[in-house]
Ligand SMILES: Cc1cc2nc3c(=O)[nH]c(=O)nc-3n(C[C@H](O)[C@H](O)[C@H](O)COP(=O)(O)OP(=O)(O)OC[C@H]3O[C@@H](n4cnc5c(N)ncnc54)[C@H](O)[C@@H]3O)c2cc1C
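In the working numbering, the protein residues as written are 1339 to 1658.
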């Protein structure tokens, strides 16, 4: 009798029904791009991985808020430019949110840049150069969006996002906006941001320094480009540095010590030019790349006694 009551209860029947309705049909009526089974291999730099169960690009901030408030309790993943992720071959269950063009505006208020989280770090650096605002040159070769850059505390040449961020606007899972002031709390570490993973970064204020003309900015950007081209593989499918540098050490040296520069796994390869870069040579699956990365972790642990930490964010479901 207890079981019969349970089976007939309204909430139990509703739950049963919901299981048979596709996720996309259970989402609120948003205005942006909303697609089921969206392939993701063209949306990440490795060029690998399966599909998003549902893919969403909000039309604007209200659209994003509507989705956040009314989406069912399903996994939610934020994807920026896909330059620091390894999307697994089984795809990403739940909803994948990407902030596109409507979130890419950049404007200037004195020495402060107000940027949408979808703006690219390279565009921000170029905008600052055009307006003679110094301090953003380090961003010019990092191929990510501002949102991804803040999440990763991306950086180069001894500077990172934490050095320029004045305030951050985030959308919380309840669809409300909140201002975060990095001066009020410690939110960053090396290639890491401690804010909760389900907060969507939507806008940030970044401070630079007004200079009389852009000459030195342009020169610095040129120098950084030269250095990058000399040290890193160009025109390949990669997600940049695979592992974080352990305190005081350089990962590429550790990978050299264990003899894995140039090592291959299926279509994945350790770059000959920079041993901390994994490359999709054309036919790699996400599994090839992950297996090669795990081989490095094991070899470095065994021979050097050091446990490497992935810098690249692995997302989604593995398939055998
Ligand atoms: C050739 C190459 C060179 C690189 N060089 C550098 C370098 O010099 N320095 C460096 O630090 N990195 C470097 N990277 C890595 C990468 O470009 C940065 O980490 C970049 O900031 C990631 O941004 P993204 O938009 O691509 O984020 P994604 O790779 O899409 O995502 C990275 C993380 O950010 C989260 N995220 C994305 N957008 C948001 C948002 N709006 N709100 C909240 N979370 C979000 C994602 O959920 C994920 O956890 C390089 C990568 C490549 C391919």
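Just so you know, even glycine gets a beta-carbon here, dropped at the ideal spot from N, CA and C.
Computed from a prediction, not measured in an experiment: that's the story for all the values here.
### Task
Scan the stretch 1394-1430 and note each continuous alpha helix (DSSP H) run of 4 residues or more that stays entirely inside, going in chain order.
1399-1408
### Task
Look at the Cβ atom of residue 1597, then the Cβ atom of residue 1626, and state whether they are nearer than 8 Å.
no
### Query
The beta strand (DSSP E) with residue 1587 in it runs from where to where?
For residue 1587, there is no enclosing beta strand (DSSP E), as DSSP gives it neither H nor E.
### Query
I think residue 1639 touches residue 1582, with their Cβ atoms under 8 Å apart; what is that distance to the nearest whole Å?
Wrong, their Cβ atoms sit about 15 Å apart, outside the cutoff.
### Task
Look at the alpha carbon of residue 1403 and the alpha carbon of residue 1538, and state the distance between them as a whole number of angstroms.
Between residue 1403 and residue 1538, the alpha-carbon positions lie close to 10 Å from each other.
### Query
Is it the case that the Cβ atoms of residue 1428 and residue 1388 are separated by a distance below 8 Å?
yes
### Task
With distances taken Cα to Cα, identify the nearest neighbour of residue 1517 among 1439, 1636, 1543, 1629.
1543
### Message
Does the distance between the C-beta of residue 1360 and the nearest non-hydrogen atom of ligand 3 fall short of 7 Å?
### Response
With respect to small molecules bound, the structure shown includes ligand 1 and not ligand 3.
#### Entry: Uninterrupted alpha helix (DSSP H) stretches inside the stretch 1526-1613 (no shorter than 4 residues)
Runs found: 1553-1569, 1589-1595.
### Task
Say yes only if the C-beta of residue 1579 is nearer than 7 Å to one or more non-hydrogen atoms of ligand 1, and no if none qualify.
At least one heavy atom of ligand 1 is nearer than 7 Å to the Cβ of residue 1579, so yes.
### Query
DSSP state of residue 1631, grouped into three classes?
helix
### Query
Could you give the C-beta distance for residue 1661 and residue 1476, rounded to a whole number, given that I count them as a contact under 8 Å?
In the structure displayed, the chain extends from 1339 to 1658; residue 1661 sits before or after that span and is not available.
### Query
How would you label residue 1372, buried or exposed, when you count the other beta carbons within 10 angstroms and need 16 or more for buried?
buried
### Task
Answer with buried or exposed for residue 1391, where buried requires no fewer than 16 other C-beta atoms within 10 angstroms of its C-beta.
buried
### Message
Taking DSSP's pairing of strands, which residues face residue 1383 in a bridge?
### Response
Paired residues: none, contrary to the question.
### Query
Residues in its own chain within less than 8 Å of residue 1611 by CB, not counting five upstream and five downstream?
1569, 1570, 1571
#### Entry: Near ligand 1: residue 1480 beta-carbon under 7 Å from a heavy atom
yes
### Query
What's the C-alpha gap between residue 1631 and residue 1617?
11 Å
### Query
So the alpha helix (DSSP H) residue 1467 belongs to, where does it begin and stop?
1459-1468
### Query
Comparing the CB of residue 1490 with every heavy atom of ligand 1, is any distance shorter than 7 Å?
yes
### Query
Got a sec: does ligand 1 put a non-hydrogen atom nearer than 7 Å to the Cβ of residue 1424?
For residue 1424, the shortest separation between its Cβ and any heavy atom of ligand 1 does not lie below 7 Å.
### Query
In whole angstroms, what separates the C-alpha of residue 1577 from that of residue 1495?
Rounded to the nearest whole angstrom, the C-alpha separation of residue 1577 and residue 1495 is 18 Å.
### Residues of its chain near residue 1449, where Cβ-Cβ distance is below 7 Å and the 5 sequence neighbours each way are ignored
1471, 1545, 1546, 1547, 1548
### Query
In terms of residues, what are the limits of the beta strand (DSSP E) holding residue 1653?
1651-1653
### Task
Assess, as a yes-or-no matter, whether the stretch 1634-1649 is touched by the stretch 1404-1416 under the definition of 3 or more beta carbon pairs within less than 8 Å.
no
#### Entry: As assigned by DSSP and simplified to three states, the class of residue 1494
strand
#### Entry: Inter-residue Cα distance where the pair is residue 1406 and residue 1370
Distance between the alpha carbons of residue 1406 and residue 1370: 13 Å.
### Query
Looking at residue 1561 and ligand 1, is the gap between the Cβ and the nearest heavy atom below 7 Å?
Checking the Cβ of residue 1561 against ligand 1 gives no.
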